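Have a look at the structure below before the remarks.
Residue numbers (this note's numbering): 6 to 73.
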């Protein structure tokens, strides 16, 4: 089982730069990079909410469950 993070795909579709998203949601570009690559153990709902509001998407657009 794995949870995939499709944040980079959504950002590309919306033509949003990492720098702009990080600044808008109040996290560092380094932390955003870790999130995009899936090198994190969790995400706060407040951060997920801010990302979804900025990108005008749903959490399911960003997070995907894959059963191995």
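C-beta: ideal position from N, C-alpha, C; glycine also. Source: prediction; values computed, not measured.
Whole-angstrom C-beta distance between residue j and residue i, which should lie under 8 Å
i	j	result
residue 51	residue 34	Contact flag wrong, Cβ pair sits at about 18 Å.
Own chain partners of residue i with C-beta closer than 7 Å, once the 5 adjacent residues on each side are dropped
i	result
residue 53	64
residue 10	40, 41, 43, 67 and 68
residue 45	39
residue 21	60
Other residues of its chain near residue i: CB distance less than 8 Å, five sequence neighbours each side excluded
i	result
residue 55	29, 30 and 31
residue 13	41
Under 8 Å between C-beta atoms of residue i and residue j
i	j	result
residue 71	residue 27	no
Beta-carbon contacts of residue i that lie in its chain and below 6 Å, excluding the five residues immediately before and after
i	result
residue 60	15 and 19
Exercise. Which residue spans inside the region 13 to 47 form an unbroken alpha helix (DSSP H) run of at least 4?
Worked result: 23 to 30 and 34 to 42
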